[in-house]
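So the number in this note's numbering is just where the residue sits in the sequence shown, counting from 1, plus 262. Let me begin by presenting the structure, written as structure tokens, before commenting on it.
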Amino acid sequence: MSETELRVRALETILTEKGYVDPAALDALIETYETKVGPRNGARVVAKAWSDPAYRQRLLHDATAAIAELGYTGRQGEHVVAVENTPTTHNMVVCTLCSCYPWPVLGLPPVWYKSAPYRSRVVKEPRAVLAEFGVTLPQDIAIRVWDSTAEIRYLVVPMRPDGSDSLSEDQLADLVTRDSMIGTGVARSPSEITV
Ligand code: FE
């Protein structure tokens, strides 16, 4: 085991022996975030915003409330702001200080989101970072970077892909990737799904 793993194991052992934590409760928490809460939740939110103009308005006006309409609430989701990509602006999200992230809609953050290089570089050279994720945007599309805090978490609403007009909300949700909701990716095109 790594040093960090050993430290976590030692800490958990002591807390359990002293009766401060219940291992079953810890397992339930981990299980929740590994299997029940994840980017599928956010994908449902985005798909609904794409297909329901009134919901989109509510989401952009008060994302926390609109997300709660779908039953997604909880820690690190108390104050969510939805930022929408447009033909002229692409949004990207970071937490320059640590790893703040909208858990109820995206689950736990990926390792790179917590890494120092991502956190420092995305604010200085977002276009280069985006290119490393495989997305090259035309120069006339502005990139806006949002810095999360302990209070405010951001959810990017990616642009609805061309050729998705006839898709159901469920099918639309399949196009919405985790990275597209952080802004380090774009939504998949329907042709990528059917191939
Ligand atoms: Fe943070």
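Beta carbons: idealized from backbone N, C-alpha and C, even for Gly.
Outcome for residue i when other beta-carbon atoms lying within 10 angstroms are tallied against a minimum of 16
{"i": "L288", "result": "exposed"}
{"i": "A393", "result": "exposed"}
{"i": "Y282", "result": "exposed"}
{"i": "V356", "result": "buried"}
{"i": "K310", "result": "buried"}
{"i": "P420", "result": "buried"}
{"i": "P315", "result": "exposed"}
{"i": "L429", "result": "buried"}
{"i": "A449", "result": "buried"}
{"i": "R306", "result": "buried"}
{"i": "P371", "result": "buried"}
{"i": "T297", "result": "exposed"}
For residue i, the residue or residues it bridges with in DSSP
{"i": "N347", "result": "According to DSSP, N347 bridges with nothing at all."}
{"i": "R415", "result": "V342"}
{"i": "D409", "result": "V356"}
{"i": "A404", "result": "T351"}
Close-in-space but distant-in-sequence residues of the same chain around residue i (CB under 7 Å, 5 per side omitted)
{"i": "N353", "result": "V345, N347, R406, W408, V418, G445"}
{"i": "L322", "result": "A344, E346"}
{"i": "I455", "result": "D436, L437"}
{"i": "K376", "result": "S361"}
{"i": "G243", "result": "The structure shown does not extend to residue 243, since the chain spans only 263 to 457, so no value can be given for it."}
Sequence-distant residues of its chain with Cβ nearer than 6 Å to residue i (five each side left out)
{"i": "R475", "result": "Since the first and last residues shown for the chain are 263 and 457, residue 475 lies out of range."}
{"i": "G300", "result": "G369"}
{"i": "T278", "result": "P285"}
Nearest-angstrom beta carbon gap, residue j and residue i [assumed within contact, 8 Å]
{"i": "R440", "j": "W312", "result": "No, R440 and W312 are not in contact; Cβ-Cβ is about 17 Å, not under 8 Å."}
{"i": "S442", "j": "G425", "result": "In fact, because the Cβ distance is near 16 Å, the residues do not count as touching under 8 Å."}
{"i": "I329", "j": "V342", "result": "6 Å"}
{"i": "V385", "j": "T411", "result": "So it is not a contact: roughly 14 Å between Cβ atoms."}
{"i": "I403", "j": "T350", "result": "6 Å"}
Which of helix, strand or coil DSSP assigns to residue i
{"i": "A449", "result": "coil"}
{"i": "V438", "result": "coil"}
{"i": "L268", "result": "helix"}
{"i": "P379", "result": "helix"}
{"i": "K280", "result": "coil"}
Contacting residues, own chain, Cβ-Cβ under 8 Å from residue i (five flanking each side not counted)
{"i": "L399", "result": "H352, R389, L392, I405"}
{"i": "Q338", "result": "C362, Y363, P364, W365, P366, R415"}
{"i": "Y268", "result": "For clarity, residue 268 is Leu in the given sequence; the question names Tyr instead. Closer than 8 Å at the Cβ level, and outside the excluded window around L268, lies no residue."}
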